[in-house]
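Residue numbers (this note's numbering): 278 to 502. By construction, the Cβ of each residue, glycine as well, lies at the ideal position given by its N, Cα and C atoms.
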C-alpha cells in the first residue's frame, strides 16, 4: 500500500500541459487501471481549451492479481479498496491535489475533474463528496462505488455539480447493464438535471470520437468559452 508521503507527490510525478495564455481554468484527469499519463497526454494536448492547465497525475504502482498471476501495475487503489476503510485514503490525497489547483485558479467552479475506467470511479467518488462546488465531473467507462452507502458519499454539492457520464454499450470490462443501477440510484437520490448520461451503441471500453466531442462541448459549456 502506498504511504501518505508517496501520495503527496502526485503533482510532482504528473504530466502537466501548461495553459496557452493566462491560466483561468484547470482540468485534472485520472488515467485507467494499468495505464499512465503517457496514454492520454497526446489527446489532451489536442483538445486543450484556451487558458486551461491540464494535470495528468500518475497512479502509484501496486500488486494486483490478474488472471491468477501477480502483476505490479499503476493503480489508484489496491484490491483491498473494496472496503470503505481502504478505499477512502486515496481520496484524501486527491483532494489535496484538487485544492492545489483551486488555489491557482481562485475559483473551484473553474476546475473540472474526470477520468477513464478506474480513474473515472475515482473522479466520481471524489467529486461527489468534495466540499466545494466544482466546475464538473466526467466519468468515462466507470461506475458508482459504495452503492450500499451512497447517501454517505453525496456531499452538499452533489446535486449541483455538472456530471457527464460516457459509456459504451458494448463495454466488456465494465458492462453498462451491470453499472446502470448505480447511476439510477444517483438519480433516485436527487441527481437529476446535473447528471447527463450518454450510452453509445457499438462502443467498447474506450472513449469514442463522439465521446471526445462530448467532452470538448462539456469543457466549453462549463468554462463558458
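Inset, instruction - Report the three-state DSSP secondary structure of residue 333 (helix, strand or coil). - result: strand
Legend entry - Runs of alpha helix (DSSP H) lying entirely within the region 369-456, each at least 4 residues, in chain order: Scanning the region 369-456 for uninterrupted alpha helix (DSSP H) segments of 4 residues or longer gives 395-406, listed from N- to C-terminal end.
Inset, instruction - Going by CA-CA distance only, name the one from 335, 332, 294, 334 that's closest to residue 322. - result: 294
Legend entry - Secondary structure of residue 501, DSSP reduced to three states: coil
Legend entry - Under the three-state DSSP convention, the category residue 314 falls into: helix
Inset, instruction - Kindly identify the DSSP beta-bridge partner or partners of residue 338. - result: Answer is 351, bridged to residue 338.
Legend entry - Proximal residues to residue 298 (C-beta, below 8 Å), its chain only, five neighbours per side dropped: 327, 328
Inset, instruction - Under 8 Å by Cβ, that's how I've got residue 411 and residue 389 pegged, so tell me the actual separation to the nearest angstrom. - result: 7 Å
Legend entry - Alpha-carbon spacing of residue 434 relative to residue 473, whole angstroms: 16 Å
Inset, instruction - Out of 333, 350, 413, point me to the one whose CA is closest to residue 437's CA. - result: 413
Legend entry - Cβ-Cβ distance between residue 371 and residue 417 below 7 Å: no
Legend entry - Straight-line Cα distance separating residue 454 from residue 446: 8 Å
Legend entry - Chain-order list of residues whose beta-carbon lies under 8 Å from that of residue 352 (same chain, five-residue window excluded): 310, 311, 336, 337, 338, 339, 341, 395
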